[in-house]
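K.L.:
Residues 96 to 1122, numbered by our numbering, are exactly what the sequence shown covers, in order. Virtual Cβ for every residue (Gly too), placed ideally from N, Cα, C. None of these values were measured; they are calculated from a predicted model. The following block contains the structure, expressed as structure tokens.
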Amino acid sequence: MGEAVPLWIDGKETTTSTTFDVVSPVDSKRLWSAASASKKEAIQACEIAQNAFKTWRKTKAADIQAILLKAADIMDGRREELAQIMMQETGALRPFADFNVQTTIENLRDVSGRASNIHGAIPPTKDPNQSAFIYKEPFGVILGIAPWNAPYILGCRAFLYPIAAGNTVVFKGSELSPKTFWVMGKIFKEAGLPDGVLNMIYHRPSDAAEVTNALIEHAAIKKINFTGSTLVGSIIAAKAGKELKPVLMELGGKASAIVCEDANIQNAAFQVALGSFLHAGQICMATERVLVHRKIIDEFTSALKEAVPKIYDPQGGDEPVLVAKAGAEKNHKLRQDAVAKGARVVYGDAGSENSSNYRIQPLIVQDTKKDMDIWYTESFGPTLSLIPIESDEEAIDIANDTEYGLSGAVFTTNLGRGLKIAKEIDSGAIHINSMTVHDEAGLPHGGVKKSGWGRFNAQWGIEEFVKLKTVTYTDCISCFNNHQRPTVRRSISAFGSGRERATVADSMNVVLRRNQTAPAAHTTYFQQPPQAPQGGPKRRILRTVVWSATCFGLGAYGYRWLMGEAPLELLGALAGEAGEVMEEFVATAALDAIAKTVPPITMEEADELLRARSGYSAVGHTCQMPSNMPCEDTWSAGAYTLFNDPKRDWCEWAIFDGHAGPRTAQLLKHLIPNVVGQDLWDAKCMHQSRIPNDAHTVSTIKKSFLQLDKDILDEAAKRIQSGGPLAHVVSAAAAAFSGSCALLALYDPSRDILRVANVGDSRAVLGTWDNAAQKYIARPMSVDQTGFNQDEVARLKKDHPGEEDIVDPSSGRVHGIAISRAFGDARWKWATDLTQLAHDRFFGPRPRPKGMIKTPPYLTAEPEVMESKINTGTRPDFLIMASDGLWDQLSSEDAVACVQMWLDKNKPEAFITEELDHAGALEDHLQRFNRPPTYTSAEDLADDDTYFDEDEKCLKWRVKQKHFVVEDENCGVHLVKNALGGKRRDLFTGVMSVQPPYSRNVRDDITVHVIFFGIDTEPLTNAANKK
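Right, dumping it as structure tokens:
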């Protein structure tokens, strides 16, 4: 195999120039590296599969059967090796790994017997001189995409059923379990599968969008099957819809188990425990809610608590392993939210510490309600809700109160009662007296609603990958002579050969498969017309995705809080940054409810939403779009009027990006500008002549930042240790624990000197004119402060000798946090004992996992300070400052190019050489914005690349300059709009429709300052405001 796990292309092990590391979720150690496919390999795999299809489609069913049986036998003889690979890559326990191997062997043997049983039909026709033949033919090349959680079962079925039906396959496996997929490819190679029939690729996460788009868009791909999350499935469905390609989806679930009062309680308890905590709950069919009749809830709860240790022994074994840190973090948040809103823990400890970021203890909470996140959210982890019910009708209503419909269970000794309940639950499968996790070779598997459509397994799985063709034959001689056609024996005739055949059966017994292609609402991808339609552009793709219930990330819900609705304005005031905790809580809950119930916004409303969150100053434009609720970003802008002379008074602009809530950021907004300004004045830094890279000024700024951070932490520590009024302790501790980045720009207008001090992952970039290139170029004014910056890694290693595991090289995180410098974030700066004291006395955050914090602090608030001489003449400089939400979508170079487009459209020389002080000039200028909207062209959509990042649990996309559009008066709005889609209206309105807090699954908070040096934008600002 070589050093890296290779791809399988054209029957050969294929290596690539780029690789990625596979890390064990059990101990966080590197297991091996794997070849990473690029767009080039993706296209190559499609072309190879297309060529192989020409011969594979004609392969005899007996030959296919022989290959599948041999593959099953090889797997049967290598059970130990296969189980070990899966356990290493996914953290699965041995029983679940063995179950995966066994089920895959059963599927192979089952399908091998069905390969020769693909039947067509000869239906009767109205013309006695005409016959009709219904053929079932393979599609061609199938794209199969499978996840990591049950890699043998889910991976094999993604290519097994297509291959058995005569198709060839390009298989894209999860990057978390590449060796598991590789070994399956090797087994099929050994079993005699011809080269090119099965091609396997995997890739690093950063290439997901490019590779997936290339595969879906390739002309050779005729159908797609996808197993994974509902959110990613909706994105793939939208992209496939653009290409008018059918998709088979098996997505997420929120399975309920109903326990009636006549159930066998011991059996029900064990089956519920197994269905909930098998493989740490990382199964789409896992039991997430158990609905128990109130008459037996105490007895059932006792039995359930006894059953759980039979699966995971908290005393004798480790906690369940989750394959990704994000899964553990998600479950922690769901648990904390439920307990905070009144749920009662009946098993486990919601605040317990785990041995690693990948592990989390099983937890059962009782009395969950609809206002808790856990009620509707798929936990995909070892977290179970126990809900008392009074009747079967109530249980059915709760079981159906979910957007999912994959699996469910009913426990009763009355079969008639069980069947009646099963019939009323809207789900792909219901299991009476057994667990919700049930995957059997001979039974169809799939869901309804947002759990997907179509079915895997048995004949239903094979039927998904054949298409129907009608062929008619007219007996011309009989027609001419007006003779009756010959009688056809409807039991033994056969037509065609290989995969193109139709075995004749009695027409009354032939059941034609329904077309499982996604309905139009799933497959239409909107493309704007070249001319503006009457009444404004229609947002067809957004409505398509939303109303078909296939997209949470691009379609979700929105609220029209810009439309003058007074209650929302009141709520906005309550949620203000100066609000009290209770007001903020009430406002958050109300806005959360509104975000769930109001339909998506239009293009015009999206524009108004951005404009309402924007502002102007004489030299700067600002825009802020929250994704959290309340927004964790805040900002400031002003001048130090110490000289009372605009030509000498220093200016400041700042952005503060909170980490776990807005408390630290809000405090810094009020303190940093004032404290730093006062310290610079006292140190006479504002008086002296300009000294390039003046060490005294830089030192003063650094000391101000460090002292302020120390004051915040010391005040919190003092109050936690000494006690006092709860409100005072919470206020001080919140500022210490919340954490924040800080980006401060200071401009000395008399000397045209700009200094930028940065702590965290916000970014500042200077746009400066390059005469040679005849364009603005990007000059960094801040330094990367993550574990990807080797200077930061070296600093941490120097400060903490002997601690080699501080920085995770794959994520750049410092003991789990994304940045290496920050204000607050006390858990990385305090000794564990102090953090534990805050947790024990005041329910503060838990300390970092035991043994991680050895020699704190690991973070510092000392800023990196950069300086630049500013050009204020022709083609003057400009500064872009933004929180990381903008930089998630835009590079520094593209952001500068975006601002240049705005300046070119608005003719910056007019601001420099002309006084726009008469109505005519202003009206002419503003008229440039009264133009038809820009539409998305086919070329623009050709490389649409939205994708869902499974690690960070959010939607992502890439911005290209060709997608930029210039149509906003405020340059901050202009930047944010283009970062969120630009010309791609469907992406832009979809993203804007998802309101806080759900927008956190789509983007981060975004705050932007654009500062223009040497350009006075105030006349335009006043005119725009007046207008």
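DSSP state of Arg1053, grouped into three classes?
P.N.:
Position 958 of the sequence shown holds residue 1053. Arg1053: coil per DSSP, three-state reduction.
K.L.:
Checking the sheet assignment: what are the DSSP bridge partners for Pro233?
P.N.:
As a first step, residue 233 must be located in the sequence shown, where it is residue number 138. DSSP lists Val561 as partners of Pro233.
K.L.:
Please classify Ala157 as buried or exposed, where buried requires at least 16 other C-beta atoms within 10 Å of its C-beta.
P.N.:
Here the question's residue 157 lines up with position 62 in the sequence shown. The residue in question, Ala157, is exposed, as its Cβ has fewer than 16 Cβ neighbours within 10 Å.
K.L.:
Which whole-angstrom value describes the C-beta separation of Ala398 and Thr507, a residue pair presumed to lie in contact below a C-beta threshold of 8 Å?
P.N.:
Here residue 398 refers to the residue found at position 303 of the sequence shown. Here residue 507 refers to the residue found at position 412 of the sequence shown. Not confirmed; about 16 Å, so no contact.
K.L.:
Give the list of continuous alpha helix (DSSP H) stretches no shorter than 4 residues that lie fully inside the segment 911 to 939.
P.N.:
927 to 937
K.L.:
Would Arg916 pass as a contact of Phe832 if the rule is Cβ separation under 8 Å?
P.N.:
Numbered from 1 along the sequence shown, position 821 holds the residue referred to as residue 916. Numbered from 1 along the sequence shown, position 737 holds the residue referred to as residue 832. For the pair Arg916 and Phe832, the CB atoms are not nearer than the 8 Å cut-off.
K.L.:
Indicate whether Ser474 and Gly376 have their beta-carbon atoms separated by less than 8 Å.
P.N.:
Within the sequence shown, numbered from 1, the residue matching residue 474 stands at position 379. Within the sequence shown, numbered from 1, the residue matching residue 376 stands at position 281. Yes; because the gap between Cβ atoms is below 8 Å, this pair is in contact.
K.L.:
Where does His823 land, buried or exposed, given buried means 16+ other C-beta within 10 angstroms?
P.N.:
The sequence position of residue 823 within the sequence shown is 728, counting from 1. The residue is exposed, with fewer than 16 neighbouring Cβ atoms inside 10 Å.
K.L.:
Which first and last residues belong to the alpha helix (DSSP H) in which Tyr471 is found?
P.N.:
As a working mapping, residue 471 is identified with position 376 in the sequence shown. Unbroken alpha helix (DSSP H) run through Tyr471: 468 to 471.
K.L.:
Gly855: which of Ala517, Gln869, Ile848, Ser835 sits nearest, CA to CA?
P.N.:
Counting from 1 along the sequence shown, the entry for residue 855 is found at position 760. Among Ala517, Gln869, Ile848, Ser835, the Cα nearest to that of Gly855 belongs to Ser835.
K.L.:
If you draw a straight line from the alpha carbon of Arg1098 to that of Phe973, how long is it in whole angstroms?
P.N.:
Within the sequence shown, the letter at position 1003 stands for residue 1098. Within the sequence shown, the letter at position 878 stands for residue 973. Approximately 26 Å, taken between the alpha carbons.
K.L.:
Buried or exposed, going by whether 16 or more other CB atoms sit within 10 Å of the CB of Val566?
P.N.:
The sequence position of residue 566 within the sequence shown is 471, counting from 1. By the C-beta density criterion, Val566 is exposed, having fewer than 16 other C-beta atoms within 10 angstroms.
K.L.:
Going by beta carbon distance, what residues of the same chain come within less than 7 Å of Lys870, once the five residues before and after it are set aside?
P.N.:
Along the sequence shown, read from residue 1 onward, the residue named residue 870 stands at position 775. Here the set comprises Gln995.
K.L.:
Would you mind stating whether Val888 and Arg874 have Cβ atoms separated by less than 8 Å?
P.N.:
Residue 888 sits at position 793 when you count from the first residue of the sequence shown. Residue 874 sits at position 779 when you count from the first residue of the sequence shown. No.
K.L.:
Let me confirm a value: Phe938 is counted as buried when at least 16 other C-beta atoms fall within 10 Å, else exposed. Which label applies?
P.N.:
The residue labelled residue 938 in the question sits at position 843 within the sequence shown. Phe938 is exposed by the Cβ-count criterion.
K.L.:
Please confirm whether Phe276 and Gly239 have their CB atoms less than 8 Å apart.
P.N.:
Residue 276 sits at position 181 when you count from the first residue of the sequence shown. Residue 239 sits at position 144 when you count from the first residue of the sequence shown. Cβ distance not < 8 Å, so Phe276 and Gly239 don't count as in contact.
K.L.:
Since Glu424 sits in a beta bridge, which residues does DSSP pair it with?
P.N.:
Counted from its first residue, the sequence shown places residue 424 at position 329. Paired residue(s): none; Glu424 is not in a bridge.
K.L.:
Grab me the residues of Thr109's own chain with a C-beta within less than 8 Å of its C-beta, minus the 5 sequence neighbours each way, in chain order.
P.N.:
As a position in the sequence shown, residue 109 is number 14, starting the count at 1. The answer, listed in chain order, is Pro101, Leu102, Trp103, Ala130, Glu136.
K.L.:
Quick one: what does DSSP say Ala977 is sitting in, helix, strand or coil?
P.N.:
If you number the sequence shown from 1, residue 977 lands on position 882. Looking at Ala977 - three-state DSSP - the assignment turns out to be strand.
K.L.:
Would you say Ser857 and Glu959 are within 8 Å of each other, going by their C-beta atoms?
P.N.:
For this step, residue 857 is matched to residue 762 along the sequence shown. For this step, residue 959 is matched to residue 864 along the sequence shown. Taking 8 Å as the Cβ cut-off, Ser857 and Glu959 do not qualify as a contacting pair.
K.L.:
Go through its chain and collect everything with a Cβ distance to Asp774's Cβ below 6 Å, but skip five positions before and after it.
P.N.:
If you number the sequence shown from 1, residue 774 lands on position 679. Same-chain partners within the cutoff: Thr795, Ser799.
K.L.:
Looking at C-alpha atoms only, which residue of Gly348, Asn495, Asp728, Asn224 is the closest neighbour of Asp1100?
P.N.:
The residue you call residue 1100 lines up with position 1005 of the sequence shown. Asp1100 has its Cα closest to that of Asp728, out of Gly348, Asn495, Asp728, Asn224.
K.L.:
Give the C-beta separation of Glu184 and Lys274 to the nearest angstrom, bearing in mind that I take them to be a contact with Cβ-Cβ under 8 Å.
P.N.:
As a first step, residue 184 must be located in the sequence shown, where it is residue number 89. As a first step, residue 274 must be located in the sequence shown, where it is residue number 179. Indeed, because the Cβ distance is near 6 Å, the residues count as touching under 8 Å.
K.L.:
Quick one: residues in its chain with C-beta nearer than 6 Å to the C-beta of Leu1107, no 5 flanking neighbours on either side, listed in chain order?
P.N.:
Numbered from 1 along the sequence shown, position 1012 holds the residue referred to as residue 1107. Note that residue 1107 corresponds to Phe in the displayed sequence, not to Leu. Correct list, in chain order: Val714, Phe973.
K.L.:
Take the Cβ of Glu456 as the centre, count every other Cβ of all protein chains shown within 10 Å, and call the residue buried at 16 or more, exposed below.
P.N.:
Against the sequence shown, residue 456 aligns to sequence position 361. The sequence shown places Gln at residue 456, not Glu. Buried: at least 16 other Cβ atoms inside 10 Å.
K.L.:
Just to confirm, are Glu493 and Val505 a CB contact at a threshold of 8 Å?
P.N.:
The sequence position of residue 493 within the sequence shown is 398, counting from 1. The sequence position of residue 505 within the sequence shown is 410, counting from 1. Looking at the sequence shown, residue 493 is not Glu but Ile. By the CB criterion at 8 Å, Ile493 and Val505 fall outside the cutoff.
K.L.:
Would you tell me roughly how many angstroms separate the C-alpha atoms of Gly106 and Phe191, rounded to the nearest one?
P.N.:
As a position in the sequence shown, residue 106 is number 11, starting the count at 1. As a position in the sequence shown, residue 191 is number 96, starting the count at 1. Taking the straight line joining both Cα atoms gives about 30 Å.
K.L.:
Grouping DSSP H, G and I as helix and E and B as strand, with all else coil, what is Thr275?
P.N.:
Indexing the sequence shown from 1 puts residue 275 at position 180. Three-state result, Thr275: helix.
K.L.:
Runs of 4 residues minimum, wholly inside the segment 300 to 357: which ones carry the alpha helix (DSSP H) assignment?
P.N.:
303 to 312, 325 to 337
K.L.:
Assign Leu1115 to one of two classes, buried (16 or more other C-beta atoms within 10 Å of its C-beta) or exposed (fewer than that).
P.N.:
Taking the first residue of the sequence shown as 1, we reach residue 1115 at position 1020. At Leu1115, the pLDDT of 45 sits below 50, so the modelled position is not reliable; the number obtained from the coordinates is stated separately. Burial call: buried.
K.L.:
Leu501 to Ser329, Cα distance in whole Å?
P.N.:
For the purposes of this step, residue 501 is identified with residue 406 of the sequence shown, where counting begins at 1. For the purposes of this step, residue 329 is identified with residue 234 of the sequence shown, where counting begins at 1. Going from the Cα of Leu501 to the Cα of Ser329 covers about 16 Å.
K.L.:
Under 6 Å Cβ to Cβ from Asn853, same chain only, skipping five residues before and after it: list those, please.
P.N.:
Here residue 853 corresponds to residue number 758 of the sequence shown, with the count starting at 1. Same-chain partners within the cutoff: Leu838, Ser877, Pro958, Glu959.
K.L.:
Within 10 angstroms of the Cβ of Gly556, are there 16 or more other Cβ atoms? Answer buried if so, exposed if not.
P.N.:
Stepping through the sequence shown from its first residue, residue 556 is reached at position 461. With 16 or more Cβ atoms within 10 Å of its Cβ, Gly556 is classed as buried.
K.L.:
For the alpha helix (DSSP H) containing Lys1072, list its first residue and its last residue.
P.N.:
Here residue 1072 refers to the residue found at position 977 when the sequence shown is read from its first residue. Counting along the chain, the alpha helix (DSSP H) containing Lys1072 begins and ends at 1066 to 1074.
K.L.:
Could you check the C-alpha separation between Thr396 and His533 for me, to the nearest Å?
P.N.:
In the sequence shown, counting from the first residue as 1, residue 396 sits at position 301. In the sequence shown, counting from the first residue as 1, residue 533 sits at position 438. Whole-angstrom Cα-Cα distance: 23 Å.
K.L.:
Based on the DSSP secondary-structure assignment, which residues constitute the bridge partners of Tyr711?
P.N.:
Your numbering for residue 711 matches position 616 in the sequence shown. Note: Tyr711 sits in a beta bridge opposite His716.
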